[in-house]
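S.K.: Per our numbering, numbering through the sequence shown is continuous, rising by one, with the last residue being 870. Before I ask anything, let me first share the structure, which is written out below as structure tokens.
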Amino acid sequence: MTRLNTARLAALWIVFLAVHLLTAWVGWIYPSQPMGDVVLVYEPWASSALGGGAIVGVTETWVYPQLALVPMLLAKALSMPLVPLLGASGAYLIAWAVLVTALDALAFAVLLGRSPSRPRITAAWFWCAALLLLGPIALYRIDAITVPIAVVGGLWLSTRPALAAALLTIGAWIKIWPGALVIAAVVAVRARLRVLIAAAAVTAGVMVLLVLLGADDEVLGFLTEQTGRGLQIEAVAATPFLWLAVAGAARIEYSFEILTFQISADGVDAVQALLTPLMVVAVLAVTALGVVKTLRGASFHRLFPPLTLSLVAVLIVTNKVGSPQFQTWLIAPVVIWLVLDSARARVPAVLVLVLCALTCLVYPLSYDALLAAQLLPVLVLTLRNVLLIVLLIVGIRALVRVPAVRTPNHQE
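Laid out in structure tokens, this is it:
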């Protein structure tokens with residue numbers, strides 16, 4: 459490696475660490491408690507499990523897949539030496555930020571390697587920029603644990619398909635969305651049998667472990683817990699109702715059961731009832747399009763990135779929830795796209811960076827004003843949600859344009 463390349467690599471790592479430090483720090487000073495879930499929810503869950511109390515996902519139904527408890531327990535263990543100095547909450551926040559940064563660093567090292575190509579360098583800069591623009595929500599949520607897992611899994615699919623599928627499936631047992639990458643891998647990877655076996659083995663192992671620990675109906679409780687929730691104010695489908703709230707014809711209410719703000723108005727129940735079936739149909743339709751491309755000989759490098767991004771975008775656009783941390787889901791597909799097919803990833807990358815910036819403007823920077831249905835934050839959120847739909851269209855358009863190669867030995 460030349461001195462120039464070494465210097466560029468060192469600069470990237472310095473920027474990576476600086477972005478994580480800055481993003482972690484602003485969580486302490488931004489409004490609306492962007493670190494609230496970590497100390498108000500994750501830490502009590504971890505303390506309860508370690509202290510002989512209820513174990514979420516095992517002794518009681520939980521909103522997350524059960525492996526989400528593992529990083530929460532790890533952060534609790536890391537925080538113990540700091541408790542005398544910072545107190546339980548402060549120590550846990552520091553430990554959580556350190557854990558996320560360490561996992562990101564491992565994935566960043568896989569992305570860059572010793573002598574990274576230009577596409578990998580571009581992807582690394584994109585990742586740093588996305589974190590910086592999205593702000594503390596990019597670190598202080600359970601979703602942050604799944605991003606590096608998805609990045610590594612996606613990068614390894616073409617060379618280590620079984621290991622990559624196992625990692626992605628573990629990610630899906632932390633937060634469901636990496637399952638979209640597993641679906642895309644089954645469609646796009648030639649070694650799909652190994653992908654299926656690895657994913658099935660991890661899932662079976664997790665479920666057997668949960669049953670041995672005493673779980674029963676709780677095993678798939680994270681699916682049933684989502685069915686009865688209302689329409690969150692930041693969801694794409696809630697956008698028209700937010701404008702009704704601006705006009706005084708709808709209400710923003712807090713759900714103490716789900717711990718989130720939801721919209722209440724005529725027609726909301728009908729919309730939220732349609733969203734889950736719409737999500738299923740949309741996921742099936744996008745997957746079917748990917749299958750058609752595979753049957754016509756599309757290459758992994760051209761097919762997997764837009765298929766992955768489209769599936770993840772579907773999960774966001776058709777969701778009853780619109781949590782700001784959902785934008786972290788978009789980071790891994792774009793990082794992978796930039797590595798595999800950088801020329802066609804530029805527009806999606808720019809769109810995701812804009813989405814990250816707009817999301818931070820909404821939460822946490824203007825969230826109090828949004829709860830009051832003030833015009834400016836509703837306008838910013840509307841723009842963010844419209845761009846999410848645009849991103850989905852861009853992903854599907856790229857998927858449709860993936861070339862079919864009928865001869866198996868064809869090189870693009």
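Glycine included, each C-beta is placed from N, C-alpha and C at the ideal position. On a predicted model such as this, the values are computed, not experimentally measured, just so you know.
(1) Just to confirm, is the Cβ distance from GLN783 to ASP601 under 8 Å?
(2) Taking DSSP as the reference, what is the three-state secondary structure of ILE628?
(3) Evaluate the contact criterion for the stretch 507–527 versus the stretch 672–686: three or more CB pairs, one atom per stretch, below 8 Å.
(4) Near GLU501, which residues of its chain fall below 6 Å by C-beta distance, leaving aside the five closest residues on each side in sequence?
(5) Taking the Cβ atom as the reference point for each residue, do ALA533 and ALA553 lie within a distance shorter than 8 Å?
(6) Compute the beta-carbon to beta-carbon distance between LEU845 and LEU813, rounded to the nearest angstrom, for a pair I have assumed lies under 8 Å.
(7) Using the rule of at least 16 other Cβ atoms within 10 Å of the residue's Cβ for burial, across every protein chain shown, is PHE714 buried or exposed?
(8) Can you tell me whether DSSP reads VAL863 as helix, strand or coil?
(9) Pop quiz: GLU692 and SER781 are said to be a contact at Cβ under 8 Å. What is the actual Cβ separation, rounded to whole angstroms?
(10) Using DSSP with H/G/I as helix, E/B as strand and the rest coil, what is TYR522?
(11) Quick check on this structure: which residue in PRO861, ARG648, ALA581 and ALA695 has the alpha carbon closest to the alpha carbon of LEU747?
(12) Is it a yes or a no for the stretch 590–604 touching the stretch 785–805, going by three-plus beta-carbon pairs under 8 Å?
(13) Grab the span of the beta strand (DSSP E) containing ARG709 for me, first residue to last.
(14) Among THR734, ALA535 and LEU615, which one has its Cα closest to the Cα of ILE794?
(15) Does the stretch 755–770 touch the stretch 799–814, meaning 3 or more C-beta pairs lie closer than 8 Å?
(16) Could you check how far apart the C-beta atoms of PRO636 and LEU626 are, in whole angstroms? I think they sit under 8 Å.
(17) Counting only the same chain and skipping the five closest in sequence on each side, list residues whose C-beta sits under 6 Å from that of LEU819.
(18) PHE566 and LEU796 look like a contact to me (Cβ under 8 Å); what is the Cβ gap, rounded to whole Å?
(19) Would you call the CB atoms of LEU589 and VAL477 closer than 8 Å?
(20) Output the boundary residues of the alpha helix (DSSP H) element that contains THR734.
(21) Our contact map puts VAL660 next to ILE628 with C-beta atoms below 8 Å; I'd like the distance itself, whole angstroms only.
(22) Indicate the three-state DSSP secondary structure (helix, strand or coil) for GLN832 in the structure shown.
(23) Of the choices GLY725, ASN777, ARG754 and VAL609, whose alpha-carbon is the least far from that of PRO735?
(24) Give a yes or no on whether the minimum CB-CB distance between THR617 and chain B is below 8 Å.
(25) Between the Cα of ALA803 and those of VAL473, TRP631 and PHE762, spot the shortest distance and give me the residue it belongs to.
(26) Report the residue ranges of all alpha helix (DSSP H) runs contained in full by the stretch 672–700; include only those spanning at least 4 residues, in chain order.
(27) Can you tell which of VAL664, ALA728 and LEU639 has its C-alpha closest to the C-alpha of ARG687?
(28) Hey, out of PRO806, LEU597, ALA623 and PRO594, whose CA is closest to ALA608's CA?
(29) Compare the C-alpha of VAL499 against each of TYR488, PRO489, LEU702 and ILE513 and name the closest.
(30) When the Cα atoms are used, what is the spatial distance from VAL647 to ARG760?
M.R.: Walking through what the data contain:
(1) With contacts defined by Cβ atoms closer than 8 Å, GLN783 and ASP601 form a contacting pair.
(2) DSSP, reduced to helix, strand and coil, places ILE628 within a helical segment of the structure shown.
(3) With the rule of 3 Cβ pairs closer than 8 Å, the stretch 507–527 counts as touching the stretch 672–686.
(4) Close CB contacts of GLU501 within its chain, under the 6 Å cut and outside five residues either way in sequence, are with TYR550 (chain order).
(5) Closer than 8 Å, so yes.
(6) With a Cβ gap of about 6 Å, LEU845 and LEU813 count as contacting.
(7) Classification for PHE714: exposed.
(8) Three-state DSSP puts VAL863 in coil, outside helix and strand.
(9) Contact between GLU692 and SER781 holds: CB atoms are separated by about 7 Å, below the 8 Å threshold.
(10) Residue state, collapsed to three classes: coil.
(11) Looking from the CA of LEU747, the closest CA among PRO861, ARG648, ALA581 and ALA695 belongs to PRO861.
(12) The stretch 590–604 makes contact with the stretch 785–805, as at least three CB pairs between them are under 8 Å.
(13) Residues 709–713.
(14) Out of THR734, ALA535 and LEU615, LEU615 has the C-alpha closest to the C-alpha of ILE794.
(15) These segments touch.
(16) With a Cβ gap of about 5 Å, PRO636 and LEU626 count as contacting.
(17) Cβ contact annotation for LEU819 (same chain, cutoff 6 Å, sequence separation greater than five): VAL838, in chain order.
(18) Wrong, their Cβ atoms sit about 14 Å apart, outside the cutoff.
(19) A distance below 8 Å separates the beta carbons of LEU589 and VAL477.
(20) 726–753 is the span of the alpha helix (DSSP H), which, as asked, contains THR734.
(21) The distance from the Cβ of VAL660 to that of ILE628 is about 6 Å, consistent with a contact at the 8 Å cut-off.
(22) If DSSP states are grouped into helix, strand and coil, GLN832 belongs with coil.
(23) Distances from the alpha-carbon of PRO735 to those of GLY725, ASN777, ARG754 and VAL609 put ASN777 closest.
(24) The structure shown contains no chain B; it is built from a single protein chain.
(25) Its Cα nearest to that of ALA803, the residue PHE762 stands out among VAL473, TRP631 and PHE762.
(26) Fully contained in the stretch 672–700 are the following alpha helix (DSSP H) runs of length 4 or more, in chain order: 679–685.
(27) Nearest C-alpha to ARG687: ALA728.
(28) Looking at PRO806, LEU597, ALA623 and PRO594, the one whose alpha-carbon comes closest to that of ALA608 is ALA623.
(29) Of the listed residues, the one whose Cα sits closest to VAL499 is ILE513.
(30) Spanning the two alpha carbons is a distance of roughly 11 Å.
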